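**Q** Residue 553 is where the sequence shown ends in my numbering, and the numbering goes up by one at each step.
One structure is given below, represented as structure tokens, and several questions about it will come after.
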Amino acid sequence: MLAFGGEALTESGFAALVHDIALLARLGVRLVLVHGARPQIDERLSTAGVMPQYHDGLRITDATCLPLVMEAIGRARFTLEARLSSGLPNTPMAGAGIQVAGGNYVTARPWGVHDGVDFQHTGVVRRIDADAISATLERGDIALLSTLGYSATGEIFNLHGEDVATETAVALRADKLLFLMNGAGVTDAAGERVSQIEPRQADRWAHDDGASDPEGARHLASAARAVRRGVRRVHLIARSAGALLAELYELIRPLEEAGALVRRSREQLELEIERFAVIERDGKIIACAALYPMADRASGEIACVAVDPTYQGGGRGRQLLAALEERAQQLGLTRLFLLSTQTMHWFRERGYEPGDVEALPHARRELYNWQRNAKVFVKTLTPTD
């Protein structure tokens, strides 16, 4: 689950946000996006000469505002869909079109009257159609939710983004909910940055009076509500350009410097991102490996196997290798090979037999670096039914 405000769609960092979403999708991460549209709504109301009305930080959506709110949210959604569908021109992700799906996933009800104030068409989430969203994800599509909800009687309600994201994450039993924050993120009353919340921390943040600003307080309260109801972790992170790619690059760079891995530029990583499988923890990539199918369509290369030193010995490298071998079998590959300079025994323990350069496919043999002098290992795969 990834939730972000409408500010993300108006800043120069919008392209970077789309870029990171595209990378996550190419890595096989099942994504649900919830986008806000507060600045877009305020701008549309201003253009129409309508003064925004708030009470206790929540917008009052009357009959005059509702059509303008719907228009602004729709325009924000279409902008995001268009960018996700086209990839990023003039970057290695150009043409990486992503399928995006939406629908009437959110059933809502009126927020009602509070402190004598009638919020009219402002609503809260009543139910999330988790089955429909799950079906979208199973197809490999990104599920895109806005802040509009629909009642059983056909009414439309303007919802709060944190409410939609939290209720959707709970309904889907999401492993992770990420709120992309404005500015530097969330700080508590003492000025300490709060980057994630786990169930054991929920009581501390259950009320919205622990943060240094109202927006942060709302996010902390939403995060506490989510982890109390089954979401494993909630992250509150500042938007930054290329964060995912930077993590992957930082993981493998020490091994490249030690000669254990072939050097790859950030641009090459970006071009080859779909070849990678990763394991992440607490919002950080801690292990990666890649599979490169060969042109002969029968063999593939295992490459760039790396595990953060802090997490070595926990079986994560083995998990990634097994996942790539399974992927290779699904692709119909019958033979895997790899080149290693420092971890030969680890691969031998996992069924890879020593070979020589002649055992490599012709195209890969032509690229063999004799100066690096890496050892060749080969494994024959058992065909799947």
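Just so it is clear, CB atoms sit at the ideal spot from N, CA and C, and this is done for glycine as well.
Remember, it's a predicted structure, so these values are computed and weren't measured experimentally.
Kindly identify the DSSP beta-bridge partner or partners of serine 508.
**A** In the sequence shown, residue 508 corresponds to position 340, counting from 1. In the DSSP output, where bridge partners are listed per residue, serine 508 has Lys543.
**Q** Assuming alanine 337 and leucine 345 form a contact by the criterion Cβ under 8 Å, report the distance between their Cβ atoms to the nearest whole angstrom.
**A** Position 169 of the sequence shown, counted from the first residue, corresponds to residue 337. Position 177 of the sequence shown, counted from the first residue, corresponds to residue 345. Rounded, the Cβ-Cβ distance is 4 Å, consistent with contact.
**Q** Could you spell out the range, first to last residue, of the alpha helix (DSSP H) harbouring histidine 203?
**A** Taking the sequence shown and counting its residues from 1, one reaches residue 203 at position 35. Element bounds for histidine 203: not the alpha helix (DSSP H) but the beta strand (DSSP E), 200-203.
**Q** Skipping 5 residues on each side, what residues in its chain have a beta carbon closer than 6 Å to that of arginine 393?
**A** Mapped onto the sequence shown, residue 393 falls at position 225. These residues qualify, in order along the chain: Thr334.
**Q** Alpha carbon to alpha carbon, how far is arginine 341 from methionine 238? Give it in angstroms, no decimals.
**A** Looking up residue 238 in the sequence shown gives position 70. Looking up residue 341 in the sequence shown gives position 173. Rounded to the nearest angstrom, the two C-alpha atoms are 29 Å apart.
**Q** Does glutamate 175 come out as helix, strand or coil in the three-state DSSP assignment?
**A** As a first step, residue 175 is located in the sequence shown; it is residue number 7 there, counting from the start. Note: glutamate 175 maps to helix in three-state DSSP.
**Q** Give me, in chain order, the residues of the same chain whose beta-carbon lies closer than 6 Å to that of glutamine 267; leave out the 5 immediate sequence neighbours on both sides.
**A** As a first step, residue 267 must be located in the sequence shown, where it is residue number 99. Closer than 6 Å at Cβ, skipping near neighbours: Asp309.
**Q** Can you tell me which of the three DSSP states valine 281 falls into?
**A** Start at 1 with the first residue of the sequence shown, and residue 281 comes out as number 113. Note: valine 281 maps to strand in three-state DSSP.
**Q** How long is the line joining the alpha carbons of proline 477 and arginine 449, rounded to whole angstroms?
**A** Position 309 of the sequence shown holds residue 477. Position 281 of the sequence shown holds residue 449. The straight-line gap from Cα to Cα measures roughly 14 Å.
**Q** Does proline 257 pass the burial test, meaning 16 or more other C-beta atoms within 10 Å, or should it be called exposed?
**A** Taking the first residue of the sequence shown as position 1, residue 257 is located at position 89. In this predicted model, proline 257 has a pLDDT of only 49, less than 50, meaning its place in the structure is not dependable enough to derive any value.
**Q** Quick check on DSSP: helix, strand or coil for arginine 294?
**A** Within the sequence shown, residue 294 is the residue found at index 126, counting from 1. Residue state, collapsed to three classes: strand.
**Q** Since valine 473 is in the beta strand (DSSP E), which residue starts that stretch and which ends it?
**A** Reading the sequence shown from its first residue, position 305 is the one you call residue 473. Per DSSP, valine 473 belongs to the beta strand (DSSP E) from 467-475.
**Q** To the nearest angstrom, how far is it from the Cα of proline 260 to the Cα of histidine 282?
**A** The sequence position of residue 260 within the sequence shown is 92, counting from 1. The sequence position of residue 282 within the sequence shown is 114, counting from 1. Its pLDDT being 49, under 50, proline 260 is placed unreliably in this model, and the value from its coordinates should be taken loosely. So the alpha carbons of these two residues sit roughly 51 Å apart.
**Q** Give me the DSSP bridge partner(s) of threonine 275.
**A** For the purposes of this step, residue 275 is taken as residue 107 along the sequence shown, with counting starting at 1. Note: threonine 275 sits in a beta bridge opposite Arg295 and Tyr318.
**Q** In terms of alpha-carbon separation, which member of Asp286, Thr247 and Thr304 lies closest to glutamate 175?
**A** Start at 1 with the first residue of the sequence shown, and residue 175 comes out as number 7. Here the closest residue by C-alpha is Thr247.
**Q** Which residues in the same chain have their Cβ closer than 7 Å to the Cβ of aspartate 376, if we skip the five residues on either side of it in sequence?
**A** Numbered from its first residue, the sequence shown carries residue 376 at position 208. Because aspartate 376 carries a pLDDT of 49, less than 50, the predicted location of this residue cannot be relied on, and no value is offered for it.
**Q** Report, in whole angstroms, the separation of the C-beta atoms of threonine 229 and threonine 290, which I expect to be a contact under 8 Å.
**A** Translated into positions along the sequence shown, residue 229 becomes position 61. Translated into positions along the sequence shown, residue 290 becomes position 122. With 8 Å as the limit, threonine 229 and threonine 290 qualify as a contact, their Cβ atoms being about 4 Å apart.
**Q** To the nearest angstrom, how far is the alpha carbon of valine 332 from that of alanine 190?
**A** For this step, residue 332 is matched to residue 164 along the sequence shown. For this step, residue 190 is matched to residue 22 along the sequence shown. Spanning the two alpha carbons is a distance of roughly 22 Å.
**Q** Using 8 Å as the cut-off, can you tell me whether the region 464-474 makes contact with the region 358-365, which would need three or more C-beta pairs spanning the two stretches below that distance?
**A** With the cut-off at 8 Å, the region 464-474 and the region 358-365 do not touch.
**Q** Distance check for isoleucine 447 and arginine 277, CA to CA, integer angstroms please.
**A** Position 109 of the sequence shown holds residue 277. Position 279 of the sequence shown holds residue 447. Looking at the two C-alpha atoms, the distance is approximately 39 Å.
**Q** Looking at threonine 304: is its Cβ nearer than 7 Å to the Cβ of alanine 269?
**A** Translated into positions along the sequence shown, residue 304 becomes position 136. Translated into positions along the sequence shown, residue 269 becomes position 101. Their beta carbons are under 7 Å apart, which means threonine 304 touches alanine 269 by this criterion.
**Q** Distance check for asparagine 350 and glutamate 209, CA to CA, integer angstroms please.
**A** Within the sequence shown, the letter at position 41 stands for residue 209. Within the sequence shown, the letter at position 182 stands for residue 350. Reading off the sequence, residue 209 comes out as isoleucine, not glutamate. Roughly 17 Å separates the two Cα atoms.
**Q** Could you check what DSSP says for leucine 501 in three-state terms: helix, strand or coil?
**A** As a first step, residue 501 must be located in the sequence shown, where it is residue number 333. If DSSP states are grouped into helix, strand and coil, leucine 501 belongs with coil.
**Q** Please work out which residues of its chain come closer than 6 Å, Cβ to Cβ, to proline 367, disregarding the five sequence neighbours upstream and downstream, and give them in chain order.
**A** For the purposes of this step, residue 367 is taken as the residue at position 199 of the sequence shown. For proline 367, where only same-chain residues beyond five positions count, the Cβ hits under 6 Å are Val395.
**Q** Taking DSSP as the reference, what is the three-state secondary structure of isoleucine 241?
**A** The residue given as residue 241 occupies position 73 in the sequence shown. Reduced to three states, the DSSP call for isoleucine 241 is helix.
**Q** Could you pull out every residue in the same chain whose Cβ sits closer than 7 Å to the Cβ of glycine 271, ignoring the five residues on either side in sequence?
**A** Within the sequence shown, residue 271 is the residue found at index 103, counting from 1. Counting only Cβ-Cβ distances below 7 Å, and skipping sequence neighbours, we find Ala300.
**Q** Short of 6 Å in beta carbon distance, which residues of its chain neighbour methionine 512, apart from the five on each side in sequence? Order them along the chain.
**A** Residue numbering aside, residue 512 sits at position 344 when the sequence shown is read from its first letter. Lys543.
**Q** Just checking my contact of leucine 549 with leucine 501 at CB under 8 Å: how many whole Å lie between their CB atoms?
**A** For this step, residue 549 is matched to residue 381 along the sequence shown. For this step, residue 501 is matched to residue 333 along the sequence shown. That belief holds up - the Cβ atoms of leucine 549 and leucine 501 are roughly 6 Å apart, short of 8 Å.
**Q** For glycine 225, does the count of other Cβ atoms within 10 angstroms reach 16, so buried, or fall short, so exposed?
**A** Along the sequence shown, one-based indexing puts residue 225 at 57. Exposed.
**Q** Check the C-beta distance from isoleucine 324 over to leucine 313 and give it rounded, since I have them as a contact under 8 Å.
**A** On the sequence shown, position 156 is the one that residue 324 refers to. On the sequence shown, position 145 is the one that residue 313 refers to. Not quite, the Cβ-Cβ distance comes to about 14 Å (not below 8 Å), so this is no contact.
**Q** Could you please give the first and the last residue of the uninterrupted alpha helix (DSSP H) stretch that includes glycine 523?
**A** Taking the first residue of the sequence shown as position 1, residue 523 is located at position 355. Careful: glycine 523 lies outside any alpha helix (DSSP H), inside the beta strand (DSSP E) at 521-523.
**Q** Look up arginine 449 in the DSSP assignment and say whether it is helix, strand or coil.
**A** Stepping through the sequence shown from its first residue, residue 449 is reached at position 281. Reduced to three states, the DSSP call for arginine 449 is strand.
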